[in-house]
Amino acid sequence: MSLKQCCATGSLHTGTPTGRRTKVHGLDCYVADAPSGSPKGIVVIVPDAFGIELLNNQVLADAYAKEGNFQVAVGSPLTLRAGQVVPVEVMISLSAISKTGLWNQLYKFGHAVYLMRHMLPFFYSCREAVCKPRVRAFMHALRANEAANLPVGAAGFCWGGNHVTKLCWNDEKTEDGKRLVDCGFIAHPSLLTYPDDIEKVTLPLSCAAAEHDQQMSAANAKSTEDILVAKSAKTKDQGVEHEFVMYPGAHHGFAVRADEEDKEEAARGKEAEAQAVAWFSKRF
6 MSLKQCCATG SLHTGTPTGR RTKVHGLDCY VADAPSGSPK GIVVIVPDAF GIELLNNQVL
66 ADAYAKEGNF QVAVGSPLTL RAGQVVPVEV MISLSAISKT GLWNQLYKFG HAVYLMRHML
126 PFFYSCREAV CKPRVRAFMH ALRANEAANL PVGAAGFCWG GNHVTKLCWN DEKTEDGKRL
186 VDCGFIAHPS LLTYPDDIEK VTLPLSCAAA EHDQQMSAAN AKSTEDILVA KSAKTKDQGV
246 EHEFVMYPGA HHGFAVRADE EDKEEAARGK EAEAQAVAWF SKRF
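As structure tokens, this is what we get:
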């Protein structure tokens, strides 16, 4: 996998978070409350490699809560990810590696070492065998408590898109037979196996795809779209629909870390935000 196209590409955003840091079922979380005080549903964000430490993820959770009247929780990397979090400085190193020029070439070795130092431990410690039980345990506890009488959606970005896709397999139930989630939204997911992981989806899933994404090639994007469209045609009458939106010109990470100075990419990010809010509003 190219480091330049991994879960750590992108830019820092501006904004002031309005949510709160708190423990939810033993995990450190960032929580954005529904403005009305009576949420329409709960959205759990399984984030990218930066987790709740990244301002972008906090501001995005605030936007979901405000625009959809949802309760939104972003899981902490300190527990959800077995202690491995990618520092935001990784984005600076990735940007530096892509630059040209003599002086930039001299600095690239140092940036490459820095990237390896943080990315390799992340991918080892956050492999599926370690993190899947953590994600599922959190969802079980949420469904038994805060979401006992509320619908639950999950939103996954990059690394988190893998887990949300598999939550939509509906292959695990609570003790009283409830689904762990009612629907899912993914944007530029990473580490999926195509087409098998998409074929297994049975719960409503919305996908925001980037045109330029080594984690979801053009062929895999087309396959994903075809599969979700075909599934919708078969199950629409039962209330199970899926959605696929391709964002022309967008790059991996755009839904969370689009460069705000790149007006087109930033606009695609806002469109993906609106896609997610509309999807959960429809499903809740």
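Under our numbering, the first residue of the sequence shown carries the number 6, and numbering increases by one thereafter.
No residue lacks a Cβ here, since even glycine has one placed at the ideal position from N, Cα and C.
With a Cβ-Cβ cutoff of 8 angstroms, do residue i and residue j count as a contact?
i           : j           : result
residue 20  : residue 79  : no
residue 161 : residue 46  : no
residue 220 : residue 257 : yes
residue 290 : residue 164 : Lying before the first or after the last residue shown, residue 290 is absent from the chain, which here runs from 6 to 289.
residue 252 : residue 213 : yes
residue 215 : residue 259 : yes
residue 141 : residue 185 : yes
residue 25  : residue 33  : no
residue 289 : residue 156 : yes
residue 194 : residue 170 : yes
residue 264 : residue 272 : no
Under 8 angstroms by Cβ, that's how I've got residue i and residue j pegged, so tell me the actual separation to the nearest angstrom.
i           : j           : result
residue 191 : residue 166 : 4 angstroms
residue 206 : residue 236 : 7 angstroms
residue 182 : residue 208 : Actually they are not in contact, since the Cβ atoms of residue 182 and residue 208 sit about 15 angstroms apart, beyond 8 angstroms.
residue 30  : residue 147 : 7 angstroms
residue 77  : residue 36  : 7 angstroms
Quick check on residue i: does DSSP put it in helix, strand or coil?
i           : result
residue 84  : Annotation note: pLDDT 47 at residue 84 (below 50); position unreliable, no value reported.
residue 179 : coil
residue 59  : coil
residue 265 : coil
residue 257 : coil
residue 75  : coil
residue 153 : coil
residue 274 : helix
residue 289 : coil
residue 23  : coil
Bridge partners for residue i per DSSP, in chain order?
i           : result
residue 28  : 33
residue 248 : 211
residue 68  : Beta-bridge pairing links residue 68 to no other residue.
residue 159 : 49 and 189
Is there at least one non-hydrogen atom of the ligand COA closer than 7 angstroms to the beta-carbon of residue i?
i           : result
residue 238 : For the ligand COA, the structure offers nothing, since it holds no ligand at all.
Using a Cβ cut-off of 8 angstroms (strictly closer), state whether residue i contacts chain B.
i           : result
residue 161 : Absent here is chain B; the protein component of the structure consists of one chain.
Quiz item: Which runs of the alpha helix (DSSP H) spanning at least 4 residues fall entirely within the segment 165-246, listed in chain order?
Solution: Segments of the alpha helix (DSSP H) lying fully in the segment 165-246: 201-204 and 223-240.
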